[in-house]
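Beneath this line is the structure, given in structure tokens, with notes to follow.
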Amino acid sequence: MLSYPDIDPIAISLGPLKVHWYGLMYVIGFLAVWWLGRKRAARIGLKADDIGDLLFYGALGVVLGGRVGYAIFYGFERLMADPLWIFQVWDGGMSFHGGLIGVLIAAWLFARKHRLAFFQLTDFVAPMVPIGLGAGRIGNFINHELPGRVTDVPWALVYPGLGPEGRHPSPLYEFVLEGVVMFVVLWWVSSRPRRRGMISGLFLLLYAVFRFSVEFVRRPDPQLGFIAFDWLTMGQLLTVPMALAGIALLVWSRRQPIDDARATSPTA
């Protein structure tokens with residue numbers, strides 16, 4: 001077994017101002033979307049300056065959706081007992097699935113404003129999202145969050161405060177799968193124009209498969225435990241509709257047009 005790395009969760013401390021690594025991970029994710037988005041903006045008829053607007057919409061969707069999703073999916077009883085708890089962002093966390101719903105709502109609003117088809121925009125955004133997901137998992141690891149289940153694999157880590165047993169470093173697994181692998185696959189597939197909805201469907205399916213798999217070695221949320229069958233977790237349950245939606249989108253996309261605004265709007 002290996003000792004857990006001793007990393008201070010606070011990256012920068014300037015008097016009363018403390019900048020946490022977890023917050024910096026969000027900044028890294030948003031900056032990556034801004035930089036990569038500007039490079040590909042012309043593909044859907046946007047200008048480079050429009051990406052800042054898109055980032056603003058997306059950031060609101062991630063933060064609001066992520067917190068509301070966590071409160072509903074992972075702390076519903078507490079929310080009912082104390083509705084104001086939802087504003088205590090330091091207590092609890094964020095939900096990817098809630099953040100995804102928030103981003104989809106933000107994308108719909110942005111698409112309406114810029115007269116884009118909804119899936120045209122989500123196909124554009126999807127290949128950039130894994131960078132933020134991967135950065136977030138590194139933040140979870142630094143904060144000792146989302147520990148894995150007890151194991152005797154050679155790379156098992158002893159999590160602070162969870163006893164002497166070695167555990168799977170599940171945030172690192174998710175960093176590799178949801179961050180690195182998903183980014184490489186989606187960026188490569190989207191390197192040339194594809195039929196509308198294909199990239200979005202592939203994103204949903206890949207995330208669902210990776211998240212469902214990692215949940216088998218990740219400790220269930222203490223406040224929920226297993227949802228059913230003594231193995232099904234809330235994270236796995238929430239990935240099922242994602243997988244079905246991904247498959248449906250991949251099938252639907254086969255009859256959709258190929259999206260490449262450069263072919264029709266050379267001045268965009």
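Note that the UniProt record's numbering gives residue 247 to position 247 of the sequence shown, counting from 1, and the numbers run on in steps of one. Ideal Cβ placement from N, Cα and C applies to all residues, glycine included. All figures in this text were calculated on a predicted structure; none of them were measured in a lab.
Taking C-beta atoms as the reference points, Gly197 and Gln236 fail to come closer than 7 Å. In the three-state DSSP reduction, Gly132 falls in the helix class (H, G or I). Sixteen is the threshold: since fewer than 16 other Cβ atoms of the shown chains lie within 10 Å of the Cβ of Ile10, the residue is exposed.
Here Ser253 is not bridged, per DSSP, to any residue.
The beta carbon of Gln120 lies closer than 7 Å to those of Ile44, Arg196 and Asp259 in the same chain, with the five residues before and after it left out.
Pairing Leu157 with Arg167, the inter-Cα distance amounts to about 5 Å. When DSSP states are grouped into helix, strand and coil, His20 belongs to the strand group. Looking at Leu238, Pro16, Gly92 and Val19, the one whose alpha-carbon comes closest to that of Tyr70 is Gly92.
Secondary-structure assignment with DSSP links Val150 through a beta bridge to Arg167. By the Cβ rule, the segment 100-114 counts as touching the segment 52-70, because three or more pairs are nearer than 8 Å. In this model, Arg149 and Val176 are separated by some 18 Å (Cα to Cα). Beta-bridge partners assigned by DSSP to Leu157: Leu2 and Arg167. Annotation: Ser170 to Val251 spans about 32 Å, alpha carbon to alpha carbon.
Within its own chain, the residues whose Cβ lies closer than 7 Å to the Cβ of Leu162, once the five positions on either side in sequence are excluded, are Pro147, listed in chain order. For Leu206, the uninterrupted alpha helix (DSSP H) run begins and ends at Met198 to Val214, by DSSP.
For Leu14, the enclosing beta strand (DSSP E) begins and ends at Ile10 to Leu14. With fewer than three CB-CB distances shorter than 8 Å, the segment 76-87 does not count as touching the segment 127-146. For Val180, no alpha helix (DSSP H) encloses it, and the DSSP letter there is neither H nor E. The Cβ atoms of Leu186 and Gly246 do not sit closer than 7 Å to each other. Assigned with DSSP and collapsed to three states, Ala48 falls in coil, not helix or strand.
Boundaries of the alpha helix (DSSP H) harbouring Met80: Phe76 to Ala81, taken from the DSSP string.
Following the DSSP letters along the chain, one finds Gly102 inside the alpha helix (DSSP H) bounded by residues Phe96 to Lys113.
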